[in-house]
Structure formats: structure tokens, C-alpha cells
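Chains as they are written, first to last, in the numbering used here: chain A, 5 to 168; chain B, 6 to 399. All C-beta atoms in this analysis are idealised placements derived from N, C-alpha and C, irrespective of residue type, glycine included. Computed from a predicted model, the values in this text were never measured in an experiment. In what follows, a structure is listed as C-alpha cells, so that the remarks can point back to it.
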Amino acid sequence: MPEILSFSRNICTVVEQIGDDSMTSSCRLQDTLMDAYVEISVKIPDLEISGIKGRLERSVIGEKIDVEDAFKKIMGTRVGPGIRKIIRGFIGNSATEKQLAYMVEECCSGLILSFTKDHLKQIPKDPKKAKHAFENMVKANPRLYKSCAALSPGSPLVDNIEFD
Amino acid sequence: MEGGDFEMITFTRNKVVSVWRKDDDTLGVHGILEDDIYSLEIDVSLSLSQLEILSIAGKWNRAENSECRRAIPFLQEAVGFKMGEGFTQRVQKLIGRKSCRHLADMLLECCYRARDTARVIRWEAEKERRPDLSLDEVVSEQGDPSSGPIKDFQISSRKPLKRGAGDLPLSKKAMISGEMIIDLHVHTSPASPCSSASVGETIEEAKRIGLDGICLTDHNYVWTAAEVERLREKHDFLILRGNEITTDQGDVLVFGVEKEIEGIIELKELRQEVLKAGGFMILAHPFRGFLTFGVGQLGLTVEKAMERPLFEFVDAVEIMNSKVTEKENRFAAEVAEGLNLQVTGGSDAHAVSGVGIYATRFSDRIDNEIDLIRALKKGNYIPVAFREGMKKRS
Numbered sequence: 005m006p007e008i009l010s011f012s013r014n015i016c017t018v019v020e021q022i023g024d025d026s027m028t029s030s031c032r033l034q035d036t037l038m039d040a041y042v043e044i045s046v047k048i049p050d051l052e053i054s055g056i057k058g059r060l061e062r063s064v065i066g067e068k069i070d071v072e073d074a075f076k077k078i079m080g081t082r083v084g085p086g087i088r089k090i091i092r093g094f095i096g097n098s099a100t101e102k103q104l105a106y107m108v109e110e111c112c113s114g115l116i117l118s119f120t121k122d123h124l125k126q127i128p129k130d131p132k133k134a135k136h137a138f139e140n141m142v143k144a145n146p147r148l149y150k151s152c153a154a155l156s157p158g159s160p161l162v163d164n165i166e167f168d
Numbered sequence: 006m007e008g009g010d011f012e013m014i015t016f017t018r019n020k021v022v023s024v025w026r027k028d029d030d031t032l033g034v035h036g037i038l039e040d041d042i043y044s045l046e047i048d049v050s051l052s053l054s055q056l057e058i059l060s061i062a063g064k065w066n067r068a069e070n071s072e073c074r075r076a077i078p079f080l081q082e083a084v085g086f087k088m089g090e091g092f093t094q095r096v097q098k099l100i101g102r103k104s105c106r107h108l109a110d111m112l113l114e115c116c117y118r119a120r121d122t123a124r125v126i127r128w129e130a131e132k133e134r135r136p137d138l139s140l141d142e143v144v145s146e147q148g149d150p151s152s153g154p155i156k157d158f159q160i161s162s163r164k165p166l167k168r169g170a171g172d173l174p175l176s177k178k179a180m181i182s183g184e185m186i187i188d189l190h191v192h193t194s195p196a197s198p199c200s201s202a203s204v205g206e207t208i209e210e211a212k213r214i215g216l217d218g219i220c221l222t223d224h225n226y227v228w229t230a231a232e233v234e235r236l237r238e239k240h241d242f243l244i245l246r247g248n249e250i251t252t253d254q255g256d257v258l259v260f261g262v263e264k265e266i267e268g269i270i271e272l273k274e275l276r277q278e279v280l281k282a283g284g285f286m287i288l289a290h291p292f293r294g295f296l297t298f299g300v301g302q303l304g305l306t307v308e309k310a311m312e313r314p315l316f317e318f319v320d321a322v323e324i325m326n327s328k329v330t331e332k333e334n335r336f337a338a339e340v341a342e343g344l345n346l347q348v349t350g351g352s353d354a355h356a357v358s359g360v361g362i363y364a365t366r367f368s369d370r371i372d373n374e375i376d377l378i379r380a381l382k383k384g385n386y387i388p389v390a391f392r393e394g395m396k397k398r399s
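Here it is in C-alpha cells:
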């Protein structure tokens, strides 16, 4: 029996550096039920959201959403820890608005991961040196300890680390 | 357009989720996450009728480090989970922390899409019987088609504020103590779902290590005066109440506000409420960075940070918080000093072992919540690394 798809989703998030002091992050979501685009602009170094726009191309949910209006309160907030809660709190609660909020979150995650990538690039390729680099990273930021399987007791990356 | 006019893409992430029907009551879901750092795949089977996870298989194609592979076996702990109230939180807490948050996010994405599929299948089945039934109706009547975390967030526990605890009885210990050390920032379970410590365990630990009091600052949860009074009597210990409120500009510890604050509030609006109530506001962990990099790496300077308008709307800044790095605490201290703002310390404990890592030493005696606010406004206090000092003393 052919296993034909009943549902499919594609989400693409792209982060771009625009000049020295600003970046944009855009998210395109296309699935069986909807098609939407969201883009945020942030100022560096505060990562303050200086622009946000979006459009709903297609949705099976018939509700009328003023996308710009839904995003209004997000302007001026900073992308950082806790931003997810702020986005969910400020963008409305309808099914479509929740999807738009999810896309803004994806934009924010992309931005954060783009900086994470820069940081990870500095880790040496040599396994011993890499282990040392991860150890130092965890020592500098205890929140990383036990934050995932790779950085929990039993993992060689945190062998030499003890926290109270 | 000239070639040089194009901007470089600095990061890309693609997520693909496909759902198909394996048999009458089983959905197969294949999820792929591919970005500059990670490449992973997940296969999940869910029952169509119950939306219960029947099996999970995951694999890394590329990862951040050589030990990320350790995360895969922990995925099995979500087998048997049913989608419904608390599902997202369980996955995030169990898989996100024990395994990997990227795997957890992708697992959730796969499960939400299975739920969407279940709705589409139901609509297809019912439209033969009810030709007028629109897909919109099916999706809408069951709420959000995808975002479980939001639902969980909205149903978070919220109790009506019954303040008026300013005249709570004295704690015996507080009565005999002149200088007092109080942990102003403590989370307990289940009031704060992110905490693993019960309030009883937290209080006993605070007593054991020699703190003079703690302030319960659970997220979106307000302890009633009666509850706190019972705890005070039971443990014979000074327990005060505050609230950690999420604003558009970050988290703020608020003391002495009678009104219930719902959802996310704008900092300016919160300031008005606090002023009206005669309360006090402390900006919590203002420069908490990201897991692998800090605000300093983005090029933020103390001078630039001092320009942030949010500092105009708070009374003090938390410069000792155990959930941020020493660098971030130091940065907060420099900014607060530059702005001549009062400074405090609080553990932000989410586990018993975290209580009292940092605290605030008050010169004034504090026996109740009125004393606390009076003392906070007076400014005779300093943040202290309490546990570290305790070790040195012993």
C-alpha cells in the first residue's frame, strides 16, 4: 500500500547581517494548513527588535488577522533569555496568532544560534583541546551543567567539573 | 544589483516534518532538522485515536560536540506520553534537560503535526456525513493547530492575590536577629513548574544553612498570606512574598503589590502599579546571556547598557544571581553603579542546593513584608555570596 503523506510542513529560517549594527531573521512556514512569512530586524548589540513584519499567504483557518497589529507589542523588546514567554504573552491567542508567534520564536532562535555558531567556531578541532574548551565553557556558565546529556555527569566533557 | 550589494547569510535552519498513516490507528512522523550547527532526524509513531507516542527513534548526522549522541537513548522516556494538558511541559522538562533541547523541540514539532494530521483525517472522515463541515471548523473547535507550549503557558497556575500580610506575625529568629540575611529570589515546586524543590524542602535548607529568611518569588503564582503564615508557623522561619513578573523588558521582582498581574505586562505599566501600591521593584538578572555566549560577546558596553530606558522604571538591580555567569553579574554591578541604583542579591534557586547561593544582607531588622519594603526603600543593604561565606566560616 502506498504511504502517501497526509500532512507535511516546511519551515525555513534565515539570518542575515545587514551592515555592522543590524541583522534580520526571517521565517517562512508552509504546510498543509497554512503559508506565512515573518521577518524581524534587530539592532546589535542590544538585540532590540527594531522592525517586524509578516504576511499570511494562505490559511484554512478563516479568521481575519491584522498581522502588523498582532506584532505591535513585540517592537522594542530584546531577543534574549525569556523572549519566548514575552512573544507568547504579547501576540494574540487565536490559532493563527499562535502560529505567527511560533514563527517569531523561530526568527529569534535563528539569531541566537547564529551567535552560538560564531562561538562554537572557536572550539579547536583536536578532541583533547575541544574537551578542554567545553569544560571551560561549562565552568564559566554553570547553567550549562546538566542542561543536556552531553553536559551531564557521566559525559567526558564534564568529567573534571564539580558543582555544589 | 552588484554582487557586493548582497548580504551574507549568517545562519540557516530548515525543518521538515512529514506525516503519513501507517495503519488505521497509527501515524508515522518523520522530522528533519538541518542547520549550520545541527543535523538530526526523528521518527515517531503515534496512535491516531489517543495521540499517544508509541515509538521514537532519533539520530544525529552532525552535532555540536562528540557527546551529543548520549542524548538519543533518553528519547525512549517519552514513549507512552499522550498529547494533552501538560504534554509539552513534560517533554521539555524530561527530554529537553535529560536528552537535548533540540531533540525535544523536534519531537514536539513531530507530535504537533501528528495532531494536525489527526484533525485533517477526522475532517475527511466526517465530511461524508456532514458535507457542510469545513476544515476551519475542525481546526478551530479544537483550538490551536500546533503550538502546545502556548496552551500550557496559558493554563499555568494562577491564584487570586490575597495580600495584606504586612502585619504577619514575627518570626522568632527574626526577632532576635539585628542584621538579617534574606534570599530575595527563590522558586519552589509546583508553584514554579521549572523548580524541582518543594517549598518545605526549600525552607528547611534555608534554615539549615543559616539564612534569616527567604522570599518566595514564584513565576505567575502568588502565595496567599494564609499559606505563608501556615508555613511560617510550621517551620518557625521568616517567609516573605514577592513575585517575579515578566515584562516586555525582562523579569522584575516585585514586592508589596496587591493587584494581580496577569500575563506579560509592559514595564511602564507595572511601574505605575507598583508606585500606586507603594511597592518596590528589582530588575532581575538584567544581563542574563545565552547558554554559550554572553552579552559581552555582542559588543555591549557598560555605557551603552546604561542608556537602556528600563533602568528608569526600577528601584534596584539584582547584581548577584546564581543563574548567570560571574561576568554577567559583574556587568550588572557596573551598570547599577554607573546609574547609582540600589543593588541586591538573590539565588534564583530552582533546586534545594541553590538556596542561599546569593542573598541580601540588611542592616535593618525585617519581621514582615512591611519591614521588607521599608528596608528596601531605605537602602541599607548589600548583596552577599552567602553559601561561599558559609564555607569560609566553617
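Short CB-CB distance (under 8 Å) between residue i and chain B
| i | result |
| --- | --- |
| Phe75(A) | no |
| Lys89(A) | yes |
| Lys133(A) | no |
| Met141(A) | yes |
| Asn164(A) | no |
| His136(A) | no |
| Ser54(A) | no |
| Ala99(A) | yes |
| Leu60(A) | no |
| Ser30(A) | no |
| Val19(A) | yes |
| Ser45(A) | no |
Range covered by the alpha helix (DSSP H) that runs through residue i
| i | result |
| --- | --- |
| Ile116(A) | 99-125 |
| Asp121(B) | 106-131 |
| Asn248(B) | It is not in any alpha helix (DSSP H) - Asn248(B) instead sits in the beta strand (DSSP E) that spans 248-252. |
| Phe318(B) | No alpha helix (DSSP H) contains Phe318(B), which DSSP labels as neither H nor E. |
| Glu331(B) | 331-344 |
| Asp25(A) | Per DSSP, Asp25(A) belongs to no alpha helix (DSSP H) and is neither H nor E. |
| Phe138(A) | 131-144 |
| Glu206(B) | 204-214 |
| Leu280(B) | 272-282 |
| Gly101(B) | 92-103 |
| Val49(B) | Run containing Val49(B): none in the alpha helix (DSSP H); it sits in the beta strand (DSSP E), 44-52. |
Under 8 Å from the C-beta of residue i: neighbouring residues of chain A
| i | result |
| --- | --- |
| Gly268(B) | Gly93 |
| Asp256(B) | Gly86 |
| Ile126(B) | Ser10 |
Beta carbon proximity, residue i to chain A, threshold 8 Å
| i | result |
| --- | --- |
| Thr330(B) | yes |
| Thr17(B) | yes |
| Asp40(B) | yes |
| Cys73(B) | yes |
| Leu424(B) | The first residue shown for chain B is 6 and the last is 399, placing residue 424(B) beyond what the model contains. |
| Met88(B) | no |
| Val24(B) | yes |
| Ser162(B) | In this prediction, Ser162(B) scores a pLDDT of 30, lower than 50, which makes its location untrustworthy; the coordinate-derived value is nonetheless stated afterwards. No, Ser162(B) lies away from the interface with chain A (no Cβ there is under 8 Å from its Cβ). |
| Ala130(B) | no |
Cβ-Cβ separation, residue j to residue i (assumed contact under 8 Å), whole Å
| i | j | result |
| --- | --- | --- |
| Gly33(B) | Ser54(B) | Actually they are not in contact, since the Cβ atoms of Gly33(B) and Ser54(B) sit about 15 Å apart, beyond 8 Å. |
| Lys20(B) | Ile15(A) | 4 Å |
| Cys111(A) | Val42(A) | 6 Å |
| Ala83(B) | Ile47(B) | No, Ala83(B) and Ile47(B) are not in contact; Cβ-Cβ is about 11 Å, not under 8 Å. |
| Ile90(A) | Thr251(B) | 6 Å |
| Gly284(B) | Gly261(B) | 3 Å |
| Leu379(B) | Glu184(B) | Strictly speaking, residue 379(B) in this sequence is Arg, with Leu absent from that position. Their Cβ separation, rounded to whole angstroms, is 16 Å, which puts Arg379(B) and Glu184(B) out of contact at 8 Å. |
Delimiting residues of the beta strand (DSSP E) encompassing residue i
| i | result |
| --- | --- |
| Leu32(B) | 31-40 |
| Arg366(B) | 364-367 |
| His190(B) | 185-191 |
| Gln347(B) | 347-351 |
| Met38(A) | 38-47 |
Within chain A, partners of residue i - CB distance below 9 Å
| i | result |
| --- | --- |
| Leu140(B) | Leu37, Val64, Ile65 |
| Phe79(B) | Ala153 |
| Met13(B) | Glu20, Gln21 |
Residues that residue i contacts on chain B, provided the C-beta gap is smaller than 9 Å
| i | result |
| --- | --- |
| Leu212(A) | Residue numbering for chain A in the displayed model covers 5 to 168; residue 212(A) lies beyond these limits and cannot be assessed. |
| Ala144(A) | Gly299, Thr330, Glu331, Lys332 |
| Pro128(A) | In chain order: nothing, as chain B lies at least about 12 Å away. |
According to DSSP, residues forming a beta bridge with residue i
| i | result |
| --- | --- |
| Ser12(A) | Ser23(B) |
| Cys31(A) | Thr17(A), Val42(A) |
| Lys89(A) | In the DSSP output, where bridge partners are listed per residue, Lys89(A) has none listed. |
| Lys87(B) | Glu57(B) |
| Thr17(B) | Val18(A) |
| Phe285(B) | Phe260(B) |
Contact test: residue i Cβ vs the ligand NAD heavy atom, cutoff 7 Å
| i | result |
| --- | --- |
| Glu166(A) | Among the components modelled here there is no ligand, and therefore nothing to report on the ligand NAD. |
Chain-ordered chain B contacts of residue i [CB-CB under 8 Å]
| i | result |
| --- | --- |
| Ser170(A) | In this structure chain A extends from 5 to 168, so residue 170(A) is not present and cannot be described. |
Minimum Cβ-Cβ distance from residue i to chain E less than 8 Å
| i | result |
| --- | --- |
| Cys111(A) | You won't find chain E in this structure, because its protein chains are A and B. |
Contacts that residue i makes with chain A (C-beta to C-beta distance below 7 Å)
| i | result |
| --- | --- |
| Cys105(B) | Cys152, Ala153 |
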